[in-house]
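The listed protein sequences correspond, in order, to chains A and B. 47 is the number that our numbering gives to position 47 of the first sequence; each next residue is one higher, with no gaps. Just add 327 to wherever you are in the second sequence, counting from 1, and you've got our numbering. Glycine included, C-beta positions come from ideal geometry on N, C-alpha and C. Small disclaimer: the values here were computed from a predicted structure and weren't measured. All remarks here apply to the structure that follows.
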Amino acid sequence: MIPDFIEQYVDTGKVRYVYREFPLTNLHPAAQQASEAAVCAGEQGSYWEMNETLFATTDEWSQAADPTESFKGYAEDLGLDTKAFAECLDSGQASAQVLGDQMAGQELGVNATPYFFVNDLPIRGGLPIEMLGQVIDFVAAGGEIPEVIPVGDDYHVFGDGQTATSVAVVFVDYSSPDSAKHAREEFPVLEKERISTGEMIYVVHPWAESADSPGAMAAVAAECAGEQGKYQQAYSLLLDEQDAWIDAQDPNALFSEYAASLDLDVQEFETCLDSQDAWLRVQAGTIVAMLNSLPGVPFYVFNNGQGWLSAQTADEFKTILDSNLSP
Amino acid sequence: MNTGQVRYLFRNFPLFSIHPQAQKAAEAAECAGEQGKFWEMHELLFEGQDRWSGNTDAVTVFKEMAGELDLDQDQFDSCLDGGKYADKVAADSEEGLAQGVASTPSFLINDMQLAGAQPFEAFQQQIDYLLAGGGPIELEIGADSYRSMGEPDAPVVVTEFSDFQ
């Protein structure tokens with residue numbers, strides 16, 4: 001793991017970091033022995049030193065005819081008992097431990113390296129430290145990642161899951177003109193012709209760049225309307241009125257007016273605007289988008305019962321709707 | 328297996344709801360076993376699945392198979408018709424359920440479960456692990472392990488599965 005991560009998250013007590021061996025022996029023939037070398041250094045209390053050395057010297061030992069000779073050299077450099085180290089490598093004890101890690105990984109669904117778990121949340125592949133940090137902070141704050149298509153009662157789902165035969169999943173940036181165009185032009189038609197008829201469910205995942213951007217405030221406002229059972233109405237209203245609040249001095253004041261117009265309990269709504277929970281739910285959508293490597297928002301994903309199709313702009317959305325999802 | 332490292336046990340786990348003839352098939356194997364040919368019938372039942380699976384008269388097919396294996400036909404027929412091993416098959420199923428088996432095939436290697444039809448490598452891996460003295464699989468690594476770094480009570484645990492190459 002990179003030193004910045006150790007410094008910012010481990011040394012500050014935010015994170016306990018665990019490294020587990022998952023050599024992809026088919027792709028990397030020497031990786032198995034390297035993992036065993038790390039375990040054998042660990043037996044002598046120098047796991048992390050060997051771990052760091054192995055990552056720093058990959059080019060060297062992965063090309064070597066006999067990588068074990070390199071590992072023994074590193075052990076010596078680290079001041080380990082070289083005889084005990086060599087015995088450990090030969091004993092098979094280290095290979096059992098590596099195998100135990102691989103089997104645990106397989107049971108947890110690991111199928112690539114690196115593969116991270118932030119508590120129980122799986123992350124396939126490496127993430128830049130800023131993104132990993134975002135996930136860590138989110139998990140530490142008690143955030144939970146929703147299913148891409150939530151099951152059961154969830155105000156982010158419009159329509160009837162019992163009767164629907166197709167799904168549209170929408171990652172929405174409340175500050176994006178494209179999202180607003182979609183909400184004004186395509187969504188009302190979709191709502192009338194497919195969602196209200198029970199043919200399709202429409203799932204909204206909010207997306208926001210940073211907590212204090214107007215888009216994030218709007219996404220939080222939508223969550224707060226959702227708590228009072230009016231997510232869909234707020235979704236349409238906020239995007240429809242985007243021009244009014246996007247550059248406003250105090251967007252929340254406008255959102256309170258919208259809440260009143262939707263017959264919400266305004267006091268409860270305003271308390272919610274400041275709550276951590278609503279913001280965590282917005283972040284959850286943002287993290288789902290990130291973990292699914294969406295190229296940008298808005299982003300639309302469709303399932304027509306046969307396969308998945310994706311679109312990034314409202315125009316692409318319309319094209320897919322007109323072609324592949326026609327009844 | 329032939330190297331003597333592993334003892335293989337077969338337990339019946341017919342999935343009645345999806346495979347209505349599976350119970351009788353399992354009983355047929357037991358009835359053959361009574362005459363010393365359990366594994367021969369076991370193999371024939373798997374190889375000849377097309378002959379009896381989905382066949383409402385599967386029992387007749389099992390009896391034909393008994394003939395093919397040169398079993399005492401009368402003894403086999405009365406064993407199968409009389410449901411002599413029905414209770415034993417049911418007991419195997421119940422034991423499987425109690426051990427968490429939910430699908431077939433499921434394998435228990437010592438007490439580790441491997442669900443589904445798995446490639447040979449998966450068996451080899453688990454067996455090698457146990458033979459090498461590997462203990463129970465640890466899904467989580469405690470703070471006392473040398474592979475753990477940082478405060479034991481940190482609110483978040485980041486686990487990385489990786490290789491060095």
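Check                                                                                                                        : Outcome
Contact list for D455/B against chain A, beta-carbon separation under 7 Å                                                    : L99
Interface positions of the stretch 41-58 of chain A facing chain B (Cβ-Cβ less than 7 Å), listed along the chain             : G42, G45, Y47, W48, L54, F55 and T58
Any 3 or more C-beta pairs closer than 8 Å across the stretch 271-284 of chain A and the stretch 133-141 of chain A          : yes
Cβ-Cβ distance between I145/A and L127/A below 8 Å                                                                           : no
Beta-carbon gap between C40/A and A94/A smaller than 8 Å                                                                     : yes
Cross-strand partners of H205/A (DSSP beta bridge)                                                                           : F171/A
Chain-order list of residues whose beta-carbon lies under 6 Å from that of R378/B (same chain, five-residue window excluded) : V388
Residue-level contact to chain A via CB, T486/B, 8 Å cutoff                                                                  : yes
Amino acids of chain B, ordered along the chain, whose beta-carbon sits closer than 9 Å to that of F117/A                    : V484, V485, T486, E487 and F488
The stretch 130-154 of chain A: positions lying closer than 7 Å to chain B by Cβ                                             : I136, V139 and A140
At least 3 beta-carbon pairs within less than 8 Å: the stretch 235-255 of chain A vs the stretch 166-186 of chain A          : yes
Beta-carbon gap between V288/A and I136/A smaller than 8 Å                                                                   : no
Counted within 10 angstroms of its Cβ, other Cβ atoms place E421/B as buried (16 or more) or exposed                         : exposed
Pairwise C-alpha distance: E185/A and A208/A                                                                                 : 22 Å
Same chain, Cβ closer than 7 Å to S35/A, five either side skipped, listed in chain order                                     : E21, P23 and V98
Alpha helix (DSSP H) segments (min. 4 residues) lying fully within the stretch 248-303 of chain A                            : 251-261, 266-273 and 276-291
Minimum Cβ-Cβ distance from M103/A to chain B less than 8 Å                                                                  : yes
Reference I123/A, options I320/A, P114/A and I129/A, closest by Cα                                                           : P114/A
Cα-Cα separation between L89/A and V485/B, rounded to whole angstroms                                                        : 28 Å
Inter-residue Cα distance where the pair is F5/A and Y74/A                                                                   : 24 Å
From P463/B, D455/B and E467/B, residue whose alpha carbon lies closest to that of N119/A                                    : E467/B
Terminal residues of the alpha helix (DSSP H) in which P188/A lies                                                           : F187 to L190
For E87/A, the first and last residue of its enclosing alpha helix (DSSP H)                                                  : T82 to S91
Neighbour list for A356/B in chain A, Cβ cutoff strictly below 7 Å                                                           : Within chain A, no residue comes near A356/B; the closest Cβ sits about 31 Å away, beyond 7 Å.
For L121/A, three-class secondary structure by DSSP                                                                          : strand
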